[in-house]
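Below you'll find the structure, written out as structure tokens, and then a few comments.
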Amino acid sequence: MKFFDLYRKDRWPHMFCPGCGIGTIMNAFYYAIAESGLSQDKAVFVAGIGCSGRIPGYIRGDSLHTTHGRPLSFASGIKLADPSLKVIVFSGDGDLGAIGGNHFINACRRNIDLTVICINNYNYGMTGGQVSTTTPAHFKTSTTPSGNKEYPFDLSEIAVAAGANYVARWTTYHVKSLIRSIKKALLKDGFSFVEVVSQCPVHFGRRNKMTAPTRLLNWIKENSIPRAKIKQITDDTLDLNVQGKISIGEFIERNRIAYTKLIGVCK
Ligand SMILES: Cc1ncc(C[n+]2csc(CCOP(=O)(O)OP(=O)(O)O)c2C)c(N)n1
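Using my numbering, you'd call the opening residue of the sequence shown number 9 and step up by one each time.
Below, the structure written as structure tokens:
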């Protein structure tokens with residue numbers, strides 16, 4: 009698959025807001041899939057609803073824009089119908105962690121052969137910046153104007169606990185590591201998961217005194233801590249989440265037998 013063959017220029021200009029992190033993630037993805045050597049004819053791109061759900065619309069290839077929270081169900085169906093396909097899912101934190109949360113943990117548990125890229129921008133970007141299951145405590149959103157009073161989910165830790173074969177988290181600042189992890193995820197059997205913490209300046213940034221995209225990106229950079237270092241400081245990662253810290257790195261790489269092999273539809 010060649011880098012520029014993946015751009016679907018006839019769909020430009022795109023619909024993303026100025027400064028949104030999705031452009032960086034798409035670029036990283038184009039690089040990773042081009043380097044992976046996968047065939048364009050054998051790849052299917054699936055998404056749910058949300059800003060992140062629009063990504064497959066800008067990739068030249070077979071793509072599916074499904075319903076909110078359900079991309080993993082559609083993707084699982086595609087994989088089972090034709091196990092020779094590489095099925096890649098793009099999903100937002102709301103899509104994957106809230107309305108689609110049950111599908112997420114069960115897809116990880118089954119270790120079904122899918123690559124999932126989750127764009128975690130800490131809120132529901134498309135619908136006006138509502139609080140999400142990953143919004144850090146105390147941060148403001150359109151539905152928590154005096155600060156979020158709940159603790160966030162750690163999607164990568166959930167994926168590890170639920171059984172995924174490969175899990176990594178990076179941010180839109182850590183582009184080279186992100187490309188490396190997406191490539192690894194694409195080439196891994198079983199369920200692979202890459203979470204990308206991304207800036208949503210228009211909603212999340214604006215409400216948290218970081219309207220300028222660079223300011224929010226800088227905040228993401230300054231609050232990212234390599235996972236190995238966090239283990240040294242404290243095991244209480246919940247506390248770090250409360251303070252809005254982001255643990256980055258590879259969380260797990262293991263070789264549980266992939267679902268399609270386990271049920272015998274794929275050798
Ligand atoms: C069943 C259903 N419930 C709610 C909605 C409204 N809705 C559309 S996008 C969205 C949230 C998107 O947030 P997220 O998944 O985090 O993606 P983002 O837009 O931030 O990339 C919601 C609630 C919907 N389309 N369908």
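Each residue gets a CB set at the ideal place from its N, CA and C atoms; glycine is no exception.
Under the DSSP assignment, Leu163 falls outside any beta strand (DSSP E), being part of the alpha helix (DSSP H) whose first and last residues are 163-170.
About 5 Å separates the beta carbon of Ala36 from that of Leu186, a gap short enough to meet the 8 Å contact definition.
Exposed is the label assigned to Asn110, since fewer than 16 other Cβ atoms lie within 10 Å of its Cβ. The beta carbons of Ile41 and Ile86 sit no closer together than 9 Å. In the three-state reduction of the DSSP assignment, Trp178 falls in the strand class.
Burial of Asn129 is indicated by the presence of at least 16 other C-beta atoms within 10 angstroms of its C-beta. Gln48 sits in a helix when the DSSP states are folded into three classes.
A residue is called buried once 16 or more other Cβ atoms fall within 10 Å of its Cβ, and Val175 is buried on that count. Contact between the segment 204-218 and the segment 65-77 is not established, with fewer than three Cβ pairs separated by less than 8 Å. Taking one beta carbon from each stretch, the segment 157-168 and the segment 17-31 have fewer than 3 pairs nearer than 8 Å; the two do not touch. Taking 9 Å as the cut-off, the Cβ atoms of Phe53 and Phe98 count as close. Nearest neighbour of Phe212 by Cα position, chosen from Trp227, Ser84, Ala55, turns out to be Trp227. Annotation: the continuous alpha helix (DSSP H) that includes His111 extends over 109-118.
According to DSSP, His76 shares a beta bridge with no other residue.
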